[in-house]
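Please read the structure below before turning to the comments.
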Amino acid sequence: MFHPFDAIRTRILSNRWKNLYAFLPNLSFVMRHHAILNKFYDFVDRTLAIRGDIPVQRFYLNCEYKCDYGRVYNLLSTLVGQFKVQQLILIFSMERYMVAFCWDLFRTCETLVELTLVGHIVLDVPEECGVLFPCLKKINLVSVVYSGDHSLANLVSGCPVLDELFVERRVFPDGLMMFKVSSVSLKRLKLSFSEFHFGDYKVVVDAPNLEYLYVYDNMTNQYSLTNLVSLVEADIYHDAKTIPEIIPFLLSAN
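So in the working numbering, the last one in the sequence shown is 347, and the numbering has no gaps at all.
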């Protein structure tokens, strides 16, 4: 299998091949801790400029150490409007910097099918947003911050063909007291709440077409699982005191 690093190595063999990496279907950019901010984004911009209008299948951007959110916004605009990106993975700083994710860019994006957000990205999704991602089938949310319980619920309702959702909570407080998901399209749901962070946390799931449920949870003290009429498999790793709350829901699903 041809690896992206192989394309980069070919640059030393011939000038004809020095820009070969820019035409790969999958592009990955990782900002190292010693990187110069502007030079990093200039390199990303040059790569896309060389590419022309060839669509990008998978775009991976890791800005875990530093981030210029203005340039990231411009980059996302280009990926959506010009390169018809299908899979998008964004990893942002876990430090004090936060950015509100730019939902409006994706309202007319009919190519994005998978979105992964990692880091201190603030999800602020008002109810009036309507459809956000018309073709999105898979969402992965890791260590993000929510403006309130409504944000996650509105995000899911704004994805009419969502098939799979994975949420991992590592940051507290993250603004989410009630994890609420209501979706007629959702088939796979994975929750990883492994931190021992105690509070009045609740999980509410209404997904009539859900087929697989994975729960690793050390913090939630109240569950409500309804309409699980299609569930065929569940893996539950949960604090012992609340397992009795989950079991009846699973039994009633069959």
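Beta carbons: idealized from backbone N, C-alpha and C, even for Gly.
Residue i, enclosing beta strand (DSSP E) - first and last residue
{"i": "L306", "result": "305–310"}
{"i": "L245", "result": "From DSSP, L245 is part of no beta strand (DSSP E) but of the alpha helix (DSSP H) over 242–250."}
{"i": "V173", "result": "Taken as a continuous stretch (DSSP letters only), V173 belongs to no beta strand (DSSP E), being part of the alpha helix (DSSP H) at 162–174."}
{"i": "Y330", "result": "326–331"}
{"i": "D256", "result": "Note, D256: premise wrong, no beta strand (DSSP E); not H, not E."}
{"i": "M271", "result": "271–275"}
{"i": "Q180", "result": "180–185"}
{"i": "C156", "result": "151–156"}
{"i": "Y316", "result": "315–319"}
{"i": "S121", "result": "119–123"}
Residues near residue i in its chain [Cβ-Cβ closer than 6 Å; skip 5 each side]
{"i": "V249", "result": "V274, S276"}
{"i": "I184", "result": "N155, E157, V211, G212"}
{"i": "N112", "result": "I143"}
{"i": "V348", "result": "Because the chain spans 94 through 347 in this model, residue 348 falls outside it and cannot be assessed."}
{"i": "V296", "result": "F272, T313, Y316"}
Extent of the continuous alpha helix (DSSP H) to which residue i belongs
{"i": "V34", "result": "Because residue 34 is not part of the residues shown, which for the chain are 94 to 347, the question remains open."}
Test item: CB-CB of residue i and residue j under 8 Å
{"i": "Q175", "j": "E207", "result": "no"}
{"i": "V173", "j": "H213", "result": "no"}
{"i": "P301", "j": "N314", "result": "no"}
{"i": "E203", "j": "C228", "result": "yes"}
{"i": "G251", "j": "G223", "result": "yes"}
{"i": "F265", "j": "F226", "result": "no"}
{"i": "L303", "j": "L279", "result": "yes"}
{"i": "T209", "j": "N247", "result": "no"}
{"i": "N324", "j": "V298", "result": "Checking the sequence shown, residue 324 turns out to be Leu, not Asn. Going by C-beta atoms, L324 is not nearer than 8 Å to V298."}
{"i": "S240", "j": "L216", "result": "yes"}
{"i": "Y153", "j": "I129", "result": "no"}
Neighbourhood of residue i by C-beta distance below 7 Å, restricted to the same chain and skipping five residues each side
{"i": "V137", "result": "F122, L168"}
{"i": "H126", "result": "Y158"}
{"i": "D242", "result": "L269, M270, M271, K273"}
{"i": "Y134", "result": "D161, R164"}
{"i": "R139", "result": "none"}
{"i": "N311", "result": "F286, S287, E288, F289, D332"}
Near the ligand FMN: residue i beta-carbon under 7 Å from a heavy atom
{"i": "S285", "result": "With respect to small molecules bound, the structure shown includes none, and the ligand FMN cannot be examined in it."}
Close-in-space but distant-in-sequence residues of the same chain around residue i (CB under 8 Å, 5 per side omitted)
{"i": "S107", "result": "Any reading at S107 needs caution, since the residue's pLDDT is 49, under 50, leaving its predicted position unreliable; the model's value is listed next. Cβ within range, chain order: n/a, list empty."}
{"i": "Y309", "result": "L284, S285, F286, S287, Y330, H331"}
{"i": "V192", "result": "C160, Y162, V165, F185, H213, I214, V215"}
{"i": "L205", "result": "V173, V178, Q179, Q180, L181, F199, F226, C228, L229"}
{"i": "P253", "result": "V224, P227, S278"}
Contiguous beta strand (DSSP E) assignments of at least 3 residues, all confined to the region 201–229: 207–211, 214–216
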